[in-house]
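Residue numbers (this note's numbering): 15 to 205.
The C-beta atom is built at its ideal place from N, Cα and C for all residues, glycine as well.
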């Protein structure tokens with residue numbers, strides 16, 4: 015089955031392909047399909063933003079589409095940065111600036127618990143939307159660690175290690191996106 019990924023984020027494309035293609039699905043990035051589309055993520059939930067992106071690709075192509083909206087929800091910040099995670103430090107988006115802003119916001123804070131959330135919206139070939147939510151509980155470290163990954167990976171800690179210190183396979187086994195992808199894969203097996 016062919017699925018178009020509704021994202022221009024090359025790191026998300028790599029993660030999604032790494033997890034779904036071994037299961038027999040052929041995934042195409044927007045770039046691979048020649049689609050130049052930026053969808054304004056103006057939803058107030060991960061579900062809304064994922065739907066906006068997947069729906070735009072489905073409406074444009076008529077093909078099955080998949081979008082992920084994800085973010086980091088920090089307990090001491092009442093769930094922020096949440097749906098604004100990518101733009102937390104403003105435009106243009108910059109992972110390092112986002113990490114530094116978050117570390118500054120938590121300066122002196124002892125409760126550093128956080129959850130990474132991923133919501134996948136899969137729009138099937140008939141145009142019906144299906145949602146899959148994955149979460150991973152962890153905490154925010156005190157400095158950037160590791161060289162692997164993207165986004166908040168250098169400061170999001172699980173079992174004493176930053177996401178950015180894990181191999182792709184290690185991260186996929188526990189991550190928010192990995193958990194959502196496994197739910198999607200189970201659903202697709204039944205289709």
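Sorting 135, 89, 111 by C-alpha distance to the C-alpha of residue 68 places 135 at the top. DSSP places residue 72 in the helix class (H, G or I) of the three-state scheme. Residue pairing from DSSP places residue 127 in a beta bridge opposite 153. Distances from the CA of residue 146 to each of 181, 39, 78, 200 were compared; the closest alpha carbon is that of 200. A Cβ-Cβ distance of about 5 Å is found for the pair residue 177 and residue 163, placing them in contact under the 8 Å criterion. Residue 44 is a Cβ neighbour of residue 20, given a cutoff of 8 Å. In this structure, the alpha-carbon of residue 74 lies about 44 Å from that of residue 174. The straight-line gap separating the alpha-carbon atoms of residue 18 and residue 94 is approximately 30 Å.
Within the same chain, Cβ atoms closer than 7 Å to the Cβ of residue 72 are found at 79, 137, 141, the five residues on either side in sequence being excluded.
Excluding sequence positions up to five before and after residue 27, its CB lies within less than 7 Å of the CB of 19, 21, 43, all in the same chain and listed in chain order. Here residue 84 is bridged, per DSSP, to 132. Nearest Cα to residue 60 within the set 109, 184, 130, 38: 130. In this model, residue 109 and residue 196 are separated by some 26 Å (Cα to Cα).
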